[in-house]
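Data block below; observations after.
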Amino acid sequence: MKNTDIFNYYGFGFDYALLKAVGLKGRLNSKGRELLGLFFEGVEELEIPVTSKVSEELWELFDTIPENDEVMAEDLVKKIEAEIAKIDPALDAELRLKEAFILTEKRFPLKSLTSEPKKLLGDNVFESLSDTSRKDFSFACIQVALNQPTASAFHLMRALEAEVKKLYFEFKKTNRMDKPMWGPMIRELRNKRSPKPSEKSLDSLDGIRVHFRNPTQHPDAFYSIDEAQDLLNQTITAINMIHREILSK
0 MKNTDIFNYY GFGFDYALLK AVGLKGRLNS KGRELLGLFF EGVEELEIPV TSKVSEELWE
60 LFDTIPENDE VMAEDLVKKI EAEIAKIDPA LDAELRLKEA FILTEKRFPL KSLTSEPKKL
120 LGDNVFESLS DTSRKDFSFA CIQVALNQPT ASAFHLMRAL EAEVKKLYFE FKKTNRMDKP
180 MWGPMIRELR NKRSPKPSEK SLDSLDGIRV HFRNPTQHPD AFYSIDEAQD LLNQTITAIN
240 MIHREILSK
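In numbering that gives the first Met the number 0, the protein residues as written are 0 to 248.
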């Protein structure tokens, strides 16, 4: 998938329509090169290879246009206009194969979901995440934007579990589990002597494990987009909370 500005299609169509409607007759060579140059740039930018192939002879004619401000030769203009006319069928057919998917509004800003997930977290929290957590949290946000709620839930729980593990390692310095799992980590943190995370934080994290993390792993589990956004909100709160617990240790 590629992020494309729809205005580029509008701009290309406008320039192409102008080239066809007004033509090159009576124009200066420099202006003719400019208009055709815009057309070729648009073909390359919009990635329409069939049109590019059909335009090869037009490219050859373009190379014959002198780089000066004299009026274009009439015989050259006629050849160019004949080649432009050949392009229409290919261009029409190829552009019909292009589709645009418009992102629908969500409860979170789309820009934050797609490209700036750090803005959904507290100050300096995103930077403090492990590489795995950053990737999973970012993927989850994008999946919410793309209406893929179950995939989003999966990545959210992976991101949060990695942060629970970081919390465990910050407070548990000795006799650590070889394979720390979410539930046992919470139990060990509850049972250790101070310093340890607050009961409120541990209750919240354990609640997410019971009500979301475990069900999310079930093969029959599916989330609606509203449920995924609810879970994103809870995950944001939990990650921020873990960050504060570590800072206040």
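Every residue, glycine too, gets a C-beta built ideally from N, C-alpha and C.
In three-state terms, what does DSSP make of residue i?
i, result
"residue 57", "helix"
"residue 27", "strand"
"residue 109", "helix"
"residue 90", "helix"
"residue 216", "coil"
"residue 78", "helix"
"residue 175", "coil"
"residue 129", "coil"
"residue 43", "helix"
"residue 136", "helix"
"residue 63", "coil"
"residue 195", "coil"
"residue 37", "helix"
"residue 211", "helix"
"residue 85", "helix"
"residue 1", "coil"
Where do the ends of the alpha helix (DSSP H) carrying residue i lie?
i, result
"residue 243", "224–246"
"residue 119", "Element bounds for residue 119: n/a, residue is neither H nor E."
"residue 182", "181–190"
"residue 151", "148–170"
"residue 101", "Element bounds for residue 101: n/a, residue is neither H nor E."
"residue 96", "Run containing residue 96: none; DSSP gives neither H nor E here."
"residue 261", "Here the chain comprises residues numbered 0 to 248, so residue 261 is not present and cannot be evaluated."
"residue 114", "No alpha helix (DSSP H) holds residue 114; DSSP gives it neither H nor E."
"residue 310", "Absent from the model: residue 310. The displayed extent of the chain is 0 to 248, so no value can be given."
For residue i, list the residues DSSP reports as bridge partners.
i, result
"residue 70", "27"
Could you confirm whether any beta carbon from chain D is found closer than 8 angstroms to the beta carbon of residue i?
i, result
"residue 167", "Considering every chain present, this structure includes no chain D. It has just one protein chain."
| message | I'd like to know if the region 138–155 and the region 224–235 are in contact, where contact means that at least 3 CB-CB pairs between them fall below 8 angstroms. | response | Touching, yes, given that three or more Cβ pairs across the two stretches are closer than 8 angstroms.
| Three or more beta-carbon pairs under 8 angstroms between the region 116–134 and the region 206–214, yes or no? | No: fewer than three Cβ pairs fall under 8 angstroms.
| request: Taking 8 angstroms as the threshold, find out whether the region 138–148 comes into contact with the region 163–171 through three or more Cβ pairs. | output: Segments in contact, no.
| field | Sufficient close CB pairs (3 or more, under 8 angstroms) joining the region 61–69 to the region 29–46 | value | In short, these stretches touch, since the Cβ pair count reaches three.
| request: Pair every Cβ in the region 85–94 with every Cβ in the region 104–119, then say whether three or more of these pairs are closer than 8 angstroms. | output: Result no; under three Cβ-Cβ pairs closer than 8 angstroms.
| said: For the region 1–13 against the region 65–76, do three or more pairs of beta-carbon atoms, one drawn from each stretch, fall closer than 8 angstroms, so that the two count as touching? | reply: With a cut-off of 8 angstroms, the region 65–76 and the region 1–13 do not count as touching, because too few Cβ pairs lie within range.
| said: Taking contact to mean 3 or more Cβ pairs, one atom from each stretch, closer than 8 angstroms, check whether the region 190–197 and the region 110–117 are in contact. | reply: Not touching, per the Cβ criterion.
| task | Taking 8 angstroms as the threshold, find out whether the region 15–30 comes into contact with the region 72–82 through three or more Cβ pairs. | result | The region 15–30 makes contact with the region 72–82, as at least three CB pairs between them are under 8 angstroms.
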